[in-house]
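From first to last, the protein sequence lines stand for chains E and C. Just so we're aligned, residue 1 is where the first sequence starts under the working numbering, counting upward by one. Just so we're aligned, residue 706 is where the second sequence starts under the working numbering, counting upward by one. C-beta: ideal position from N, C-alpha, C; glycine also. Quick caveat, the model's predicted, so the values are computed rather than measured. Structure, as structure tokens:
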Amino acid sequence: MACSPFFALAGGGSSSLLRLSFIDLVIIVIYFGIVLGIGFYLKRFASTGEDFFLAGRKMTAWIAGLSFISANLSSLETMGWSAMAYQYGMLGAHAYLIGAIPAILFLAIVMMPFYYICKTHSVPGYLKLRYGEGPRSIAGISFSFLTIMVSGASMFAMAKILNLLLGWNMDVSIWVSSITVAIYVALGGLLSAVFNEVLQYFLIWAGSLLIPILGIIHAGGWGRMLERIQQNAPIIHPTVQNADFTSLWRNLGSFDTNPMGIDWFGMVFGLGLAVSFGYWCTDFLQVQRVIVAKDLRSAQNGTIIGAFLKMLVPIIVTIPGLLGLAVLLNPDGSPMVLVPESDPRAGITHRTFNDVLPLLMGQYLGPGLLGLGVTAMIAGFMSGMAGNISAFATVWTYDVYKPLIKKDADDRHYLTMGRWSSIVGILISIGTAYLLFLFSNILEYLQVLVFFFIVPLFGAILLGMLWKRATPAGGFWGFLSAIVVSIAMWAYVHTFPDGWRPQPKVTLSEGAVVSLEKGADGKFARIVVESGRVDLVNVPVAAQTAVQGAPLDIPAVLKQGSGDVPVQVLAPAVVLADTRQTSKFGVEGVPVVLKPGVALQSTSISKTFAPAAFNPAHAKVIARSEKAKPMAVNMYSAWWSFVVCVSVTFLVSLFTKPKPDAELKDLVMGLTTMPDEGPCPWYQKPILWAGVVAVVLVAVNIIFW
Amino acid sequence: MHEHEKQIPIWFFIGALLALYGLLILGSGIYGAINPPPEAQRVALWHLHADIWWGALLVIFGLVYVVKFRPREGEGLTGRQKPGSPG
Chain E
1 MACSPFFALA GGGSSSLLRL SFIDLVIIVI YFGIVLGIGF YLKRFASTGE
51 DFFLAGRKMT AWIAGLSFIS ANLSSLETMG WSAMAYQYGM LGAHAYLIGA
101 IPAILFLAIV MMPFYYICKT HSVPGYLKLR YGEGPRSIAG ISFSFLTIMV
151 SGASMFAMAK ILNLLLGWNM DVSIWVSSIT VAIYVALGGL LSAVFNEVLQ
201 YFLIWAGSLL IPILGIIHAG GWGRMLERIQ QNAPIIHPTV QNADFTSLWR
251 NLGSFDTNPM GIDWFGMVFG LGLAVSFGYW CTDFLQVQRV IVAKDLRSAQ
301 NGTIIGAFLK MLVPIIVTIP GLLGLAVLLN PDGSPMVLVP ESDPRAGITH
351 RTFNDVLPLL MGQYLGPGLL GLGVTAMIAG FMSGMAGNIS AFATVWTYDV
401 YKPLIKKDAD DRHYLTMGRW SSIVGILISI GTAYLLFLFS NILEYLQVLV
451 FFFIVPLFGA ILLGMLWKRA TPAGGFWGFL SAIVVSIAMW AYVHTFPDGW
501 RPQPKVTLSE GAVVSLEKGA DGKFARIVVE SGRVDLVNVP VAAQTAVQGA
551 PLDIPAVLKQ GSGDVPVQVL APAVVLADTR QTSKFGVEGV PVVLKPGVAL
601 QSTSISKTFA PAAFNPAHAK VIARSEKAKP MAVNMYSAWW SFVVCVSVTF
651 LVSLFTKPKP DAELKDLVMG LTTMPDEGPC PWYQKPILWA GVVAVVLVAV
701 NIIFW
Chain C
706 MHEHEKQIPI WFFIGALLAL YGLLILGSGI YGAINPPPEA QRVALWHLHA
756 DIWWGALLVI FGLVYVVKFR PREGEGLTGR QKPGSPG
């Protein structure tokens, strides 16, 4: 059996990945100065509730469009989707194409008039008007909770990443960023958040566009980059040997020709319909950005501008991920292998998928440029926090506090509540960030919760807007049942009735002394542990605290279930017996010999519920293939959740009493009179530009078919 | 909102910030070209001097925005709004 490549000194460890110079720090400090200055400047323009929560409803189409797209372009997004492109190849770009554009155009042309005309403050507010207090309360409370959690997660992620990349103290990162965000959101409300989002959009492009430009030059051109990807992918992703990493659609004919383990149906209906429409049409954080435009036409054109800008984002997100497969090399010239966060080697001997963008920044950006890149990243995180906090302040004040706690206060009272809820929101976010220090796995569950909350919401709102027969009871039960089904599906794919056993692993403790025997090809043939301590997981050995008598042999592979599984060997900081130098490596499928005297700790792990692992048999029930990767399971789960929501809403509505037409005026198609905004030149008509964006979308898909 | 107060468009802030950043990066790039760092400390494709031309581009882009959107009497906070303009 061929052992996997040797990754000694491939990365990880305690040293920071990027080193900033004085000029880089100056650039970062200037950014903080500017955003605080803008916050103080804008305070005078936020003197009423309408100003604070809805930026006075005066945004132009360009501002609304830039803010709409920028609110989505946080650093979690850019780093996360670069990582997705590294993991899934060009399929990652679908998040910006079929996974966004049709939904954004639908929002602009079909849904925006309803949101805009009913003058709602929020998406839960629309639910109240359309279905009543029940669905609004569920949506308002869960949305408030999730925005705070996401804001805290953004803080935690920023602190962790700045610590890993730059060695910065995590407490300082959290407090400096959150105090800055608290000041500028509490002062200027949504206006401040929108201004900083627009600013962040330009910073992200200024700081990130050089990476794909230089990377493609470095790879020898676009064609050469694709060739290198296909050469390197089998080494980097050995579990998907036959997968094509360089196409958008050509590889979706079956489940095993693409790295995601999905087919075209899942991509079109799971991502293109359920996830995408759920996110773009009903996530209040997004919708809030465009319903604040100065008139309906600006709101629609702003959304369409957002769609066009969204299609450009793969240039700075997907291409870097692909470049990671082509140009990131170890010192010996072999492809650098990055691993998922859940991999036991992550952060010890290997960098993770999420590091692909920072690694490229370190590879190409010198002094000054690196400062701009890091500033763009910080701006992205802070903008993400500010967006969530301003959305929280609005939904809390209008959808929880006003209807449930204090109904009849004056505007000034709600404005004060908005400012204070921004500050309290930040404080709770800080608490959440510190909670994540203790339970970092929560982050993973949280993302899943957000993911499955929005799809049921979309189902309820879509039927509410398009079908006047949809009843309040139908909306409530459809929404609730789809949330329950989403959570049930998630639990189902992580359940292992026969027990889940992690891959056998041998971890050599710090300071263990080893002899490395190599074969003729330079790869490891055998690892001999002379002394020190060794932790064994799922490696069957006789119960003992140290090796006694004869040396203990651990084979390269072990039988687990019905197949052979290679044994993983991790050595984060060992001493080489011949040179007495410290080294680190991660390898699997290599026999290990433990000399007498080596201390042993053996653990056997078997779980019936493991959130970090997918049960292929259960995944097949939901995603139609045992090869389905987590993303494919998510897409199919979203599709089923949408189906449940629409079906239950439909069925319950048939047997319950609908609202009278008079109460649905301006809320439902057929009962809404579109306002006459007067004549406008042909080049300002939303439908024209929606058509142009749709044509460009089709062309891009054909070019990269 | 204070409609009558002289307002500064967001584009002006963006232009000013990018021009300032461009100037710093350009200056740093020129300094690096005159005093090259040791081979081991250079980034990949150092010889292309991306910091010089990227910094220069940022300065030009930023200055265009600063000049075009400099604060003037009667302008909207989010940019110039001509009568009948969709924004």
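query                                                                                                                   : result
7 Å Cβ cut-off: residues of chain E touching A749 (chain C)                                                             : H218, Q363, Y364
Amino acids of chain C, ordered along the chain, whose beta-carbon sits closer than 8 Å to that of P367 (chain E)       : S733, G737, D756
Beta-carbon gap between G49 (chain E) and D411 (chain E) smaller than 9 Å                                               : yes
Beta carbon of L372 (chain E) nearer than 9 Å to that of I719 (chain C)                                                 : no
Opposing strand residues paired with R533 (chain E) [DSSP bridges]                                                      : E:A599
CA nearest to the CA of R615 (chain E), picked from E:G125, E:H494, E:V181, E:R136                                      : Reading off the sequence shown, one finds Asn at residue 615 (chain E), where the question assumed Arg. If we check each option's Cα against that of N615 (chain E), E:H494 comes out closest.
In DSSP terms, what Q363 (chain E) is bridged to                                                                        : Looking at the DSSP assignment, Q363 (chain E) forms no beta bridge with any residue, so it has no partner.
Sequence-distant residues of the same chain with beta carbon closer than 7 Å to F106 (chain E), five excluded per side  : F277, C281
N- and C-terminal bounds of the beta strand (DSSP E) containing T246 (chain E)                                          : It is not in any beta strand (DSSP E) - T246 (chain E) carries neither H nor E in the DSSP assignment.
For S178 (chain E) and M155 (chain E), believed in contact at Cβ under 8 Å, the rounded distance                        : 6 Å
Other residues of its chain near R345 (chain E): CB distance less than 7 Å, five sequence neighbours each side excluded : V339, L570, G586
Interfacial residues, the region 715–727 of chain C to chain E, with Cβ spacing under 8 Å                               : I715, F718, I719, L722, L723, L725, Y726
Rounded distance between the beta-carbons of L325 (chain E) and M90 (chain E), thought under 8 Å                        : About 10 Å; that fails the 8 Å criterion.
Inter-residue CB distance, V317 (chain E) and W477 (chain E) (contact presumed, cutoff 8 Å)                             : In fact, because the Cβ distance is near 38 Å, the residues do not count as touching under 8 Å.
N- and C-terminal bounds of the beta strand (DSSP E) containing E588 (chain E)                                          : 582–588
Residue range of the alpha helix (DSSP H) that includes S298 (chain E)                                                  : 296–312
Continuous alpha helix (DSSP H) stretch holding W175 (chain E): start and end                                           : 170–208
Short Cβ contact (9 Å threshold) for G720 (chain E) with V275 (chain E)                                                 : No answer is possible for residue 720 (chain E): it lies beyond the span of chain E, which begins at 1 and ends at 705.
Partner residues on chain C for V198 (chain E), Cβ-Cβ distance less than 8 Å                                            : I715, I719
Rounded straight-line distance, which links the Cα of A233 (chain E) to that of Q710 (chain E)                          : Any question about residue 710 (chain E) goes unanswered here, given that chain E covers just 1 to 705.
Proximity to V240 (chain E) [Cα-Cα], best of E:F68, E:S247, E:T672, E:N258                                              : E:N258
Near the ligand PLP: V569 (chain E) beta-carbon under 8 Å from a heavy atom                                             : In terms of ligand content, the structure shown is empty, and the ligand PLP therefore cannot be addressed.
CB contact check: I730 (chain C) to chain E, cutoff 9 Å                                                                 : yes
Min CB distance I63 (chain E) to chain C below 9 Å                                                                      : yes
Q560 (chain E), enclosing beta strand (DSSP E) - first and last residue                                                 : 557–560
Inter-residue Cα distance where the pair is I174 (chain E) and F437 (chain E)                                           : 12 Å
Beta-carbon proximity of G474 (chain E) to T608 (chain E), cut-off 9 Å                                                  : no
Outcome for R777 (chain C) when other beta-carbon atoms lying within 10 angstroms are tallied against a minimum of 16   : exposed
Chain E residues whose Cβ lies nearer than 8 Å to that of L763 (chain C)                                                : A206
Three-state class that DSSP yields for S515 (chain E) in the structure shown                                            : strand
In DSSP terms, what R526 (chain E) is bridged to                                                                        : E:E517
Through-space distance from A694 (chain E) to F704 (chain E), alpha-carbon basis                                        : 16 Å
S606 (chain E) and W500 (chain E) closer than 9 Å at C-beta                                                             : yes
Beta-ladder partner(s) of K607 (chain E), from DSSP                                                                     : E:W500
One or two residues paired with I554 (chain E) in a DSSP bridge                                                         : E:V592
Within chain C, the residues that L214 (chain E) reaches when beta carbons sit closer than 8 Å                          : A749, L750, L753, A755
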